[in-house]
Structures are given as C-alpha cells and as structure tokens.
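Novice:
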Amino acid sequence: MPSITDWLMVVITAVYVVATIFICWANIRSAKATKEQIEESKRQFEESNRAFVTVSFEIIKSGLAVLCIQNIGKRIANNVNLHISEQFLDNMANKSDKEHLERLCSALFTLGIEQRWYICIGSHLQLEQMSKELLTIALSYEDSNSKYNEHIDIDLKQYFWALYESPTEDVYQEMKKQTKEVSQIRKELHTISINTQKDDDHA
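Read in order, the letters of the sequence shown are residues 1 to 203 in my numbering.
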C-alpha cells in the first residue's frame, strides 16, 4: 500500500502541475495584452504622424469662393486626387471655373507638410446657384506608410451667413498697401530731388 509520503508527493505534484498551468495561462494573457498594447501604441503613433489632407470652403476678401486643399499632417502627401461630383460640376455658373475644377479632378499632385492650395469655384454672388447641389468630394492620397480614401460633403447653403477672410488674402492686401506707400515715397523723393536741383541751378 502507498505510504502517506507517497500520497503527499502525489498531492504536491498535482498542486505544482495546476500552479504551472495557471502561471502559463497568466503569462499567455499578459503577453497577449502587451502585444495588443504595443499594436495600439503603434496605431496611435501612425495616426498622429501620418499625412492628413483636408478640403474646406472659404470666401476670401475679394469675394471669391474657393476650396482650400491643405495637408495638416506630419508627412508629405503624395498622389493627391480629388473627384468632385458631376452634379455639382454641371450646376456651376461659370464655365471657366468648371474647367479648372475638371482639371483638378484629373490631376495627381503632392502636398508638403502644412502646404495648401486654393482653387476658385466661383464668386460669392454665385453661391446661391452653386448651393443647389451638394459639393461632394472623393479624396484619395498616400504617404510613406499607407493609402487613404475619404469622403467629404460640403453644403454651401450653410455658409450664407458668413464671409470668410483668408490669411493669404490678408498678406496680399498688406503687400499691395505697402507697394502703394513705397511708390508714393518714391514720387515724393523724386519731387524733392527735382526741386533741389532747380535750387542749385538758380544759386
């Protein structure tokens, strides 16, 4: 018959096996949780360090209705392409602006970090006409890590209440003002120079 010591060894071995199984199971769960955490951290890093192209609507001071295409991400955006719905294009009042948008739709271009482009879609006076169709944009681009496809809807009816001011237009107007002032100073200096020369001739 087995002795008490033998039974004790059997119990100890059984406890050891059960404990080992629990430890292995806990290690597997811990490794899985660590892997998921690493993958989530990687996903968050890629999400915060990707190219991020946006398309927004603006009305600049001169009264032009424009689309602003901008890369607000942290990587260069390559092969940027916009496809604007045919319904919106067919509803546009100005043929020239429509042709510019059609060229945009067939273009593949690059947007540097924080780089932006403006394209005219008409005058603010044509906003009511253009707003009869939803401005639907299919946007695609890629960076060094991935490709992105996005869908943007802009309801121009929602912008009747406001007049946007573009920073680019502010800079343009300020430069225009300074150019005018420099031109005026040049004329005054020229007049002083002529008067000084006349005074010297009379002396």
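Yeah, the Cβ is synthetic: ideal placement off N, Cα and C, and Gly gets one too.
Fair warning: this is a prediction, and the values are worked out from it, not measured in the lab.
Among Val-66, Ala-77, Gln-158, Cys-24, which has the Cα closest to the Cα of Leu-134?
Specialist: Among Val-66, Ala-77, Gln-158, Cys-24, the Cα nearest to that of Leu-134 belongs to Gln-158.
Novice: Apart from the five residues just before and just after Ser-144, which ones in its own chain have a Cβ nearer than 7 Å to its Cβ?
Specialist: Same-chain partners within the cutoff: Arg-75.
Novice: For a test of the three-state rule: what should DSSP assign to Arg-75, helix, strand or coil?
Specialist: Of the three classes helix, strand and coil, the one that applies to Arg-75 here is coil, per DSSP.
Novice: What beta strand (DSSP E) runs, 3 residues minimum, are completely inside the segment 125–197?
Specialist: Counting whole runs of 3 or more residues, the segment 125–197 contains the beta strand (DSSP E) stretches 135–142, 147–154.
Novice: Let's see if you can read the secondary structure: which residues bound the alpha helix (DSSP H) around Ser-96?
Specialist: Run containing Ser-96: 95–105, per the alpha helix (DSSP H) assignment.
Novice: Exposed or buried, Ile-84, counting other C-beta atoms within 10 Å across all chains shown (16 or more means buried)?
Specialist: Under this definition Ile-84 is a buried residue.
Novice: Using 8 Å as the threshold, is the segment 54–63 in touch with the segment 96–107, meaning 3 or more CB pairs across them?
Specialist: Verdict: no, contact absent.
Novice: Could you check if Ser-97 is buried or exposed, using at least 16 other CB atoms within 10 Å of its CB as the buried criterion?
Specialist: Contrary to the premise, residue 97 reads as Asp rather than Ser in this sequence. Counting Cβ neighbours within 10 Å, Asp-97 comes out buried, since at least 16 surround it.
Novice: Cα separation between Leu-82 and Ala-26?
Specialist: Near 50 Å, if we compare the C-alpha coordinates of Ala-26 and Leu-82.
Novice: Do Asn-79 and Leu-125 have their C-beta atoms closer together than 8 Å?
Specialist: It is not a contact, given that the beta carbons lie outside the stated cut-off.
Novice: For a quick check, are the C-beta atoms of Leu-64 and Cys-120 less than 8 Å apart?
Specialist: The answer is yes: Cβ separation under 8 Å.
Novice: Shortest alpha-carbon distance to Gln-70 belongs to which of Leu-111, Cys-105, Ser-48?
Specialist: Of Leu-111, Cys-105, Ser-48, the residue nearest in Cα terms is Leu-111.
Novice: So who's on the other strand from Ser-62, going by DSSP bridges?
Specialist: Beta-bridge pairing links Ser-62 to no other residue.
Novice: Might you give, ordered along the chain, the residues of its own chain that have their beta carbon closer than 6 Å to the beta carbon of Tyr-118, omitting 5 neighbours on each side?
Specialist: Once the five neighbours on either side are set aside, the close Cβ partners of Tyr-118 are Val-66, Cys-68.
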